[in-house]
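In structure tokens, the structure reads:
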């Protein structure tokens, strides 16, 4: 039989590992104090070692370790396994069990070593290969973990856990087809493995095979009705399928089984907000501060002042802290002047440099800081808040959304960009943005594949197109496709103040869901936004062609069910042709 990756076979390596095993056993020998059990263990008398020879001593200690592990007494279990290995150093089962306990205790480096020692003792030990894979997965060493899991299923093809774990690591490596196959193999062996059903549903969801995913989640819930994760995942799928009442019910069931389930609470919150049910939606949206896996919780540990809970602000200093994306900050920046209007003596905004000049021109903001400076000074503020918490604290409803228009930070910026724009032929000027942040989780859906997708717009006569593209897509803007002449300005834009100065001189902005769209609408400039058919951000709400956040300025072009970008872009082209007579160049100055 040939050797496999991860199985130690070279003589030099065997010697090194043997030395390590001896050293490990020596360290175990220093821990010969008596094992004191804090409570009686069922059948513990059957584990008495007095009447057994050495080999059975090892077996007894291993069995005792298993019982202690089952009782959750991991430190004692660790000691029992160590004693088993003292008696029988080449004891693969005890080494494997010890590795699992060490992993549970967070001692991953030791766990990896012990699992590898188990494989020295028995290279074909499938359970130890699986245990090693779990440790490596925890350490995010996914290619090595894949190797370990594949060895586990090679040596024991019916190892459900290894097939399941292989699916997890393949999903982490974004090899979805292989992950699907691994989960299906696990289910072929054990059809009632609800965890595999749940994860299979997640892969199908990633493939946009939503009805199949919903059916798989349904199977999992038939087998385990209280499976909160499957209820939450089903809610996500039903929301994407437009079955909102059913999605809401699924989220609420998930929460009923796990009251602190952050993903389900957040999913319900965004569903409610997207349908205009702001009162409950804003309240639930605050769950992002209570979940360890949410990045927002970090703000509480970073800042040395209390979080604002809606108390009176008269005479107080408030630090507003950016936690979310640029578009979020531009949309919800309207709340900062309202803090001042409530009597705050000093309002400071901590944000990324790209927003500094834009917000420095906003009335009611006394200081704009970078995050490091704001964190260092945070103890000097009375409280802090996020722009996206302000709607909850101020009890915003759809009818009371504050309307706000940003000022151009520096009029001189308008003049500096005017010369560039004057190179366009006379006629309406339209800004274009076809790609968003490549790191956004939904970029594949919300960004257009290429600039060429917008080619139909060039059939509308007399229009000059300006690229506002920054970052992703700039290469296309510099060398646009034939028949799509384009003035590219994005490469010379340094921040949103520059973008605002350019947009102020345009007649219309057409783009995908990006921060530039929020900026254009916040400047009072007509803006048309192309939205994908799935995973639409809650801020655009549902089934609307307008937005209460930008009344009179923003128009939404949504993909219909089963429709791709070409059909949506054709509707934009038709609308542009109809609107052309009303579009005029801005007056100079």
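Numbering (the numbering used here), first residue to last: 7 to 595. Ideal Cβ positions, reconstructed from N, Cα and C, are used throughout, including at glycine. Remember, it's a predicted structure, so these values are computed and weren't measured experimentally.
According to DSSP, which residues form a beta bridge with residue i?
i, result
"residue 536", "518, 563"
"residue 373", "354"
"residue 435", "470"
"residue 494", "473"
"residue 325", "354, 390"
"residue 313", "390"
By alpha-carbon positions, which one of the options ends up nearest to residue i?
i, options, result
"residue 147", "440, 114, 88", "114"
"residue 575", "263, 516, 542", "516"
"residue 103", "196, 324, 70, 129", "70"
"residue 581", "551, 570, 568", "551"
"residue 338", "294, 398, 298, 85", "398"
"residue 400", "443, 340, 421", "340"
"residue 597", "357, 189, 330, 402", "In this structure the chain extends from 7 to 595, so residue 597 is not present and cannot be described."
"residue 539", "449, 91, 405, 522", "449"
"residue 377", "363, 412, 414, 329", "329"
"residue 185", "164, 208, 125", "208"
"residue 525", "228, 361, 470", "361"
"residue 583", "518, 571, 514, 544", "514"
"residue 289", "278, 84, 95", "278"
"residue 180", "159, 486, 149", "149"
"residue 1", "145, 270, 299, 134", "Since the first residue shown for the chain is 7 and the last is 595, residue 1 is missing from the structure and cannot be characterised."
"residue 217", "190, 243, 229", "243"
Got a sec, what are the start and stop residues for the beta strand (DSSP E) residue i sits in?
i, result
"residue 391", "389-391"
Between which two residues does the alpha helix (DSSP H) carrying residue i extend?
i, result
"residue 351", "Taken as a continuous stretch (DSSP letters only), residue 351 belongs to no alpha helix (DSSP H), as it is neither H nor E."
"residue 410", "Residue 410 -> no alpha helix (DSSP H), and no H or E assigned at all."
"residue 133", "132-144"
"residue 557", "No alpha helix (DSSP H) holds residue 557; DSSP gives it neither H nor E."
"residue 260", "250-263"
"residue 153", "148-161"
"residue 276", "268-280"
"residue 417", "417-427"
"residue 334", "332-338"
"residue 508", "502-509"
"residue 288", "284-291"
"residue 96", "Neither: residue 96 is in no alpha helix (DSSP H) and is coded neither H nor E."
"residue 216", "216-229"
"residue 241", "234-246"
"residue 465", "Element bounds for residue 465: n/a, residue is neither H nor E."
"residue 213", "First-last for residue 213: undefined, no H or E at that position."
"residue 121", "114-127"
"residue 175", "166-178"
Would residue i be called buried (16 or more neighbouring beta carbons within 10 Å of its own) or exposed?
i, result
"residue 630", "Absent from the structure is residue 630, since the part of the chain shown begins at 7 and ends at 595."
"residue 112", "exposed"
"residue 441", "buried"
"residue 498", "exposed"
"residue 465", "exposed"
"residue 304", "exposed"
"residue 491", "exposed"
"residue 587", "exposed"
"residue 141", "buried"
"residue 573", "exposed"
"residue 306", "exposed"
"residue 153", "buried"
"residue 129", "buried"
"residue 395", "buried"
Hey, how far is the Cα of residue i from the Cα of residue j?
i, j, result
"residue 368", "residue 105", "58 angstroms"
"residue 352", "residue 409", "22 angstroms"
"residue 266", "residue 520", "32 angstroms"
"residue 174", "residue 511", "51 angstroms"
"residue 254", "residue 531", "35 angstroms"
"residue 349", "residue 257", "39 angstroms"
"residue 211", "residue 310", "41 angstroms"
"residue 414", "residue 420", "8 angstroms"
"residue 29", "residue 188", "The pLDDT assigned to residue 29 is 38, lower than 50, so where the model puts this residue is not dependable; a value taken from the coordinates is nonetheless given after this. Straight-line Cα distance between these residues: approximately 38 angstroms."
"residue 424", "residue 507", "9 angstroms"
"residue 5", "residue 198", "The structure shown does not extend to residue 5, since the chain is modelled only from 7 to 595, so the question has no answer here."
"residue 545", "residue 273", "13 angstroms"
"residue 312", "residue 456", "46 angstroms"
"residue 315", "residue 292", "11 angstroms"
"residue 2", "residue 344", "The displayed coordinates of the chain run from 7 to 595. Any statement about residue 2 would go beyond what the structure contains."
"residue 435", "residue 472", "7 angstroms"
"residue 262", "residue 483", "50 angstroms"
"residue 56", "residue 158", "Per-residue confidence for residue 56 stands at a pLDDT of 42, beneath the threshold of 50, marking its modelled position as unreliable; no derived number is given."
"residue 68", "residue 225", "38 angstroms"
Check whether chain C comes within 8 angstroms of residue i, counting only Cβ atoms and requiring the distance to be less than that.
i, result
"residue 92", "Structure shown: chain C not included; a single protein chain is present."
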